[in-house]
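1530 is the number that my numbering gives to position 55 of the sequence shown; each next residue is one higher, with no gaps. For glycine and all other residues, C-beta sits at the position ideal for the given N, C-alpha and C. Since the structure is predicted, the reported quantities are computational estimates derived from the model, not experimental observations. Data block below; observations after.
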Amino acid sequence: MRKLAVLSVPVVALVAVTTALAAASITYNDSVSVGKPASVTVKTYGPTAFKVLLHVRTQGRTQLFLTGKTAPKGGALIDTKTYACEGAAGSYYCKGSYEALRAGTYTWRIVRVSGPKESATLTVRW
């Protein structure tokens, strides 16, 4: 009985830490026009992996960039023209997972390349 009590304390602590980490997310909604990017900035204090969900209409083309001192280089992370987005009834749902990045300040930038002004929703979880 005593061993069970000692074992349960670390398990409870691990669940609390995991729950706190799983709850870290930002949801950002904005209208994006061609040539006027919308952005949200996140500051991390340790190595962090990101999961993103970009929700936009299927008309036109939208890109998602990640910028920052230690951000990956090389262009758009998500481009609705070339990325495997899922969707029906006029909406795209583009999902992506990205490896852990060093601590720092990162900016997620949504760029509307073509099409009408639209509402875009970006959910970032880490």
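| field | Residue of Glu1574, Leu1597, Lys1592 minimising C-alpha distance to Gln1630 | value | Because the chain in this structure spans residues 1476 to 1601, residue 1630 falls outside the shown range and cannot be described.
| field | Identity of the residues DSSP links to Tyr1573 by a beta bridge | value | Paired residues: Phe1525.
| query | Within 10 angstroms of its Cβ, does Val1599 collect 16 or more other Cβ (buried), or is it exposed? | reply | buried
| said: Within 10 Å of its beta-carbon, does Thr1537 have 16 or more other beta-carbons around it, so buried, or fewer, so exposed? | reply: Burial call: buried.
| field | Which of helix, strand or coil DSSP assigns to Leu1552 | value | coil
| task | Given a cut-off of 8 Å, decide if Gly1579 and Lys1544 are closer than it, judged by their beta-carbon atoms. | result | yes
| task | Could you check what DSSP says for Trp1583 in three-state terms: helix, strand or coil? | result | strand
| What three-state label does DSSP hand Thr1542 in the structure shown? | strand
| message | Can you list, in chain order, the residues of its chain with a C-beta nearer than 6 Å to that of Asp1554? Leave out the 5 residues immediately preceding and following it. | response | Gln1538
| Bridge partners - Thr1537, DSSP secondary structure assignment | Arg1587
| Which residues mark the beginning and the end of the beta strand (DSSP E) in which Ala1595 is found? | 1593–1600
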